[in-house]
């Protein structure tokens, strides 16, 4: 059954897991939440995007989040060299798993950015929310 | 290591549907090494199953545990309390672990969550290949350390078959080395090519699965 048949949430929550280098120095915080226009953002800073394991992403979705966005460093900018590449492969793997259980893989995405301001991270979250809005709410919420 | 892979989700979900509480159990040994049944895989599969079941309108509680070894009774015993509290158990250990749980916790239904398929080596991250077929009559001493039973598509004892590709790969799978090509190359390197001229006779399969269920007794180790 497609997620499109599910009820659309009013204020979708997007969880952003970002590499510590994905946000500007002045705005560094381990975790923060913000309600912005059309999206509720819950952001968690990671030491590196490669530390984002598959179960983390799935448990966030299981808990009812609308979508998960990973913000990793651009290729060749990763301080752990291949960390962001690992994150990208894991995202692909999770998306494939979601497809196999009948979930829309677009609920998980990855962006490659450096030194973002919080507003820019919110913009990334909003883009992810917009991309999955037609799918409706996470079926775990219904 | 013993190699296993998750069963298809449809099959897993079908098995769990009748229950209210299920225990998903991993094993931190072989199946963890092949990324199918360790703690990380338990914590990956559990949310996936919950999500898939919820999507089908079924609220099934899935609790998790990972044993150090599911093939040793001492470790299995640690699961007694959790197993008693659920309607069914799904194990993502190899077939040995599944049977150990089924025997210890009888009559609790115990289902396999993986298909156990080979004895492998991890060649590199994310790549495993079969190295042993547990045939019970090892010929590695005659084949320069390459197993023709597990690694030849036809399990030939007197190879190669004639279907070797020009690049030394197997005619059945172009990504796989023709093991007899490697055996011949190593024999040449060691100056022992003549040893391969000896025709190996019919293999004795009686010490493998073909000889019936295996049972080994070592009196010196028994109590």
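Residue numbers (the working numbering), protein chains in the order written: chain U, 255 to 396; chain R, 752 to 974. Beta carbons: idealized from backbone N, C-alpha and C, even for Gly.
Spatial neighbours of residue i within its chain, please: C-beta separation below 6 Å, excluding the five flanking residues on both sides.
| i | result |
| --- | --- |
| residue 259 of chain U | Residue placement at residue 259 of chain U is flagged as unreliable, the pLDDT there being 44, under the threshold of 50; the coordinate-derived value follows with that caveat. Excluding sequence neighbours, residue 259 of chain U sits near nothing in its chain. |
| residue 367 of chain U | 276 and 325 |
| residue 944 of chain R | 938 |
| residue 847 of chain R | 822 |
| residue 921 of chain R | 904, 927 and 929 |
| residue 256 of chain U | Since pLDDT at residue 256 of chain U reaches only 47, below the 50 mark, its modelled position is unreliable, and no value is offered. |
| residue 902 of chain R | 930 |
| residue 302 of chain U | 273, 334 and 337 |
| residue 314 of chain U | 269 and 322 |
| residue 955 of chain R | 888 |
| residue 369 of chain U | 278 |
| residue 839 of chain R | 770, 773 and 860 |
| residue 265 of chain U | 294 |
| residue 844 of chain R | 778, 782, 788 and 821 |
Between which two residues does the alpha helix (DSSP H) harbouring residue i extend?
| i | result |
| --- | --- |
| residue 835 of chain R | 831 to 835 |
| residue 802 of chain R | 790 to 806 |
| residue 827 of chain R | 824 to 828 |
| residue 875 of chain R | From DSSP, residue 875 of chain R is part of no alpha helix (DSSP H) but of the beta strand (DSSP E) over 865 to 875. |
| residue 902 of chain R | 899 to 902 |
| residue 846 of chain R | 846 to 855 |
| residue 766 of chain R | 760 to 767 |
Starting from residue i, follow the beta strand (DSSP E) in both directions and report where the run begins and ends.
| i | result |
| --- | --- |
| residue 935 of chain R | It is not in any beta strand (DSSP E) - residue 935 of chain R instead sits in the alpha helix (DSSP H) that spans 930 to 940. |
| residue 882 of chain R | 878 to 883 |
| residue 895 of chain R | Neither: residue 895 of chain R is in no beta strand (DSSP E) and is coded neither H nor E. |
| residue 267 of chain U | 267 to 273 |
| residue 949 of chain R | First-last for residue 949 of chain R: undefined, no H or E at that position. |
| residue 338 of chain U | Here residue 338 of chain U belongs to no beta strand (DSSP E); instead the alpha helix (DSSP H) covers 337 to 354. |
| residue 756 of chain R | 753 to 757 |
| residue 840 of chain R | 839 to 842 |
From the DSSP output, read off the bridge partner residues of residue i.
| i | result |
| --- | --- |
| residue 400 of chain U | There is no way to answer for residue 400 of chain U, as the model of chain U reaches only from 255 to 396. |
| residue 817 of chain R | R/777 |
| residue 277 of chain U | U/370 |
| residue 772 of chain R | R/812 |
| residue 920 of chain R | R/928 |
| residue 862 of chain R | R/841 |
So, at 8 Å on beta carbons, what are the nonlocal neighbours of residue i in its own chain, with the 5 sequence-adjacent residues on each side left out?
| i | result |
| --- | --- |
| residue 790 of chain R | 777, 779, 783 and 817 |
| residue 764 of chain R | 800, 803, 804 and 807 |
| residue 828 of chain R | 855 |
| residue 916 of chain R | 922, 925 and 929 |
| residue 950 of chain R | 909 |
| residue 374 of chain U | 367 |
| residue 906 of chain R | 884, 899 and 900 |
| residue 826 of chain R | 818, 819 and 820 |
Starting from the C-beta of residue i, find all residues in its chain whose C-beta is less than 7 Å away, skip the five residues before and the five after it, and write them out in chain order.
| i | result |
| --- | --- |
| residue 267 of chain U | 294, 296, 319 and 320 |
| residue 756 of chain R | 787, 865, 866 and 868 |
| residue 891 of chain R | 898 |
| residue 979 of chain R | No answer is possible for residue 979 of chain R: the residues shown for chain R start at 752 and end at 974. |
| residue 379 of chain U | 268, 270, 293, 295 and 323 |
| residue 261 of chain U | Unreliable positioning characterises residue 261 of chain U in this predicted model, as indicated by a pLDDT of 42, which lies under 50. A coordinate reading is not provided. |
| residue 894 of chain R | 934 |
| residue 853 of chain R | 861 |
| residue 973 of chain R | none |
| residue 831 of chain R | none |
| residue 349 of chain U | 359 and 362 |
Nearer than 7 Å: is that true of the beta carbon of residue i relative to any heavy atom of the ligand NAD?
| i | result |
| --- | --- |
| residue 347 of chain U | The ligand NAD is absent from the structure shown, which contains no ligand whatsoever. |
Chain U contacts made by the region 795 to 819 of chain R, where a contact means CB separation under 7 Å: Answer in chain order: 795, 798, 799, 801, 802, 803, 805 and 806.
Chain U contacts from the region 753 to 766 of chain R (Cβ-Cβ distance under 7 Å): Correct list: 760.
Within 8 Å of chain R by C-beta, residues of the region 305 to 326 of chain U in sequence order: Along the region 305 to 326 of chain U, going in chain order, the ones with a CB nearer than 8 Å to a CB of chain R are 307, 308, 309, 312, 313, 315 and 316.
Positions along the region 762 to 791 of chain R whose CB lies within less than 7 Å of some CB in chain U: The residues in question are 791.
The region 350 to 379 of chain U: positions lying closer than 9 Å to chain R by Cβ: Answer in chain order: 351, 352, 354, 355, 356 and 357.
Whole beta strand (DSSP E) elements within the region 281 to 331 of chain U, 3-residue minimum: Entirely contained in the region 281 to 331 of chain U, the beta strand (DSSP E) runs reaching 3 residues are, in chain order, 285 to 290, 293 to 300 and 321 to 326.
Residues from the region 272 to 301 of chain U in contact with chain R, defined by Cβ distance under 7 Å: Within the region 272 to 301 of chain U, no residue has a Cβ that lies closer than 7 Å to any Cβ of chain R.
Near-chain R residues of the region 380 to 393 of chain U (beta-carbon distance less than 8 Å), N- to C-terminal order: Along the region 380 to 393 of chain U, going in chain order, the ones with a CB nearer than 8 Å to a CB of chain R are 393.
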